[in-house]
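S.K.: In our numbering, the protein residues as written are 335 to 561.
Glycine residues also receive a C-beta, built at the ideal position from the N, C-alpha and C atoms.
Following this message is one structure expressed as structure tokens.
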């Protein structure tokens, strides 16, 4: 099988005890289950041998499985370096946000408001970030909110931090992805938010299509891009 061939090739490469190992899309031709299994094994082998490994891939999930540090390259230039979690939660620009499947990409005007900066989107929807957050000095910005950072409730949640944005909307679409369920919430003025729920959380809530829900976004989950 393709997976066995890749395992044999890796064993041969490691037999020479290299100081540096370059893996150029080693699992790209495999089916999803085999790819996931081999990625976990690659990570275990790398940790056991301590061999510095450069793993080239174009797959976000693969990156999260195998990497300790990530360098995102676009048009021949390294545009962001960090841990997988840093790149996932704090993408530098629109390209990186697309690569890590940031989910909610919104444009807004920046307005000052006390200790908060207000990001005002089309239709007047307002998200807040702390003044100390890194924000480009221009009147309009683009920001991301990851789907798993959006909290959905039947009623407005009362235990959210100061500065939280609360929105009301209607569930317009539901996509089941195994252990994860993606819920699209349509608010007024064509604003749509994509939220991600665990299967158990979805099954115990009222998130079916046409149900009305409250969405909450905490300030720390709003990230402004550089471009």
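Starting from the C-beta of residue 458, find all residues in its chain whose C-beta is less than 8 angstroms away, skip the five residues before and the five after it, and write them out in chain order.
M.R.: Locating residue 458 in the chain shown gives position 124, counting from the first residue. Same-chain partners within the cutoff: 523.
S.K.: Residue 441 to residue 461, Cα distance in whole Å?
M.R.: Within the chain shown, residue 441 is the residue found at index 107, counting from 1. Within the chain shown, residue 461 is the residue found at index 127, counting from 1. In a straight line, the C-alpha of residue 441 is about 11 angstroms away from that of residue 461.
S.K.: Quick test of your reading: residue 548 and residue 487, contact by CB under 8 angstroms. State the CB separation rounded to the nearest angstrom.
M.R.: Taking the chain shown and counting its residues from 1, one reaches residue 548 at position 214. Taking the chain shown and counting its residues from 1, one reaches residue 487 at position 153. Yes, residue 548 and residue 487 are in contact; Cβ-Cβ is about 5 angstroms, under 8 angstroms.
S.K.: Hey, residue 465 and residue 443: beta-carbon distance below 8 angstroms or not?
M.R.: Taking the first residue of the chain shown as position 1, residue 465 is located at position 131. Taking the first residue of the chain shown as position 1, residue 443 is located at position 109. Result no, Cβ atoms of residue 465 and residue 443 do not sit closer than 8 angstroms.
S.K.: So residue 481 and residue 437 are supposed to be a Cβ contact under 8 angstroms. How far apart are they, rounded?
M.R.: For the purposes of this step, residue 481 is identified with residue 147 of the chain shown, where counting begins at 1. For the purposes of this step, residue 437 is identified with residue 103 of the chain shown, where counting begins at 1. Contact flag correct, Cβ pair sits at about 4 angstroms.
S.K.: Report the residue from 492, 529 and 463 whose alpha carbon sits nearest the alpha carbon of residue 509.
M.R.: For the purposes of this step, residue 509 is identified with residue 175 of the chain shown, where counting begins at 1. Answer by Cα proximity: 529.
S.K.: Please go through the region 465-538 and give each complete alpha helix (DSSP H) segment of 4 or more residues, from N-terminal end onward.
M.R.: The qualifying runs are 533-537.
S.K.: Do residue 380 and residue 387 have their C-beta atoms within less than 8 angstroms of each other?
M.R.: Translated into the one-based positions of the chain shown, residue 380 becomes position 46. Translated into the one-based positions of the chain shown, residue 387 becomes position 53. Yes, Cβ-Cβ distance for residue 380 and residue 387 is below 8 angstroms.
S.K.: Output yes or no for whether 8 angstroms exceeds the beta carbon distance between residue 551 and residue 463.
M.R.: Counting from 1 along the chain shown, the entry for residue 551 is found at position 217. Counting from 1 along the chain shown, the entry for residue 463 is found at position 129. No, these two residues do not count as a Cβ contact at 8 angstroms.
S.K.: In the DSSP assignment, what are the bridge partners of residue 452?
M.R.: Numbered from its first residue, the chain shown carries residue 452 at position 118. Per DSSP, 445 and 462.
S.K.: Excluding the 5 residues flanking residue 390 on each side, which residues of the same chain have their C-beta closer than 8 angstroms to its C-beta?
M.R.: Along the chain shown, one-based indexing puts residue 390 at 56. Excluding sequence neighbours, residue 390 sits near 356, 357, 358 and 359.
S.K.: Using three-state DSSP, classify residue 434 as helix, strand or coil.
M.R.: Along the chain shown, one-based indexing puts residue 434 at 100. The answer is coil: DSSP assigns residue 434 none of H, G, I, E or B.
S.K.: Check whether the Cβ atoms of residue 473 and residue 559 lie closer than 8 angstroms to each other.
M.R.: The residue you call residue 473 lines up with position 139 of the chain shown. The residue you call residue 559 lines up with position 225 of the chain shown. Taking 8 angstroms as the Cβ cut-off, residue 473 and residue 559 do not qualify as a contacting pair.
S.K.: In the DSSP output, which residue or residues are listed as bridge partners for residue 411?
M.R.: By one-based count along the chain shown, residue 411 stands at place 77. The partner list for residue 411 (beta bridge, DSSP) reads 408.
S.K.: Bridge partners of residue 550, per DSSP?
M.R.: Sequence index remark: in the chain shown, residue 550 carries index 216 (1-based). For residue 550, which the question treats as bridged, DSSP gives the partners 485 and 500.
S.K.: Of the residues 535, 502, 434 and 525, which one's Cα is nearest the Cα of residue 516?
M.R.: Here residue 516 refers to the residue found at position 182 when the chain shown is read from its first residue. Of the listed residues, the one whose Cα sits closest to residue 516 is 535.
S.K.: Let me make sure I understand the geometry here. Which of 493, 484 and 340 has the alpha-carbon closest to that of residue 518?
M.R.: The sequence position of residue 518 within the chain shown is 184, counting from 1. It is 484.
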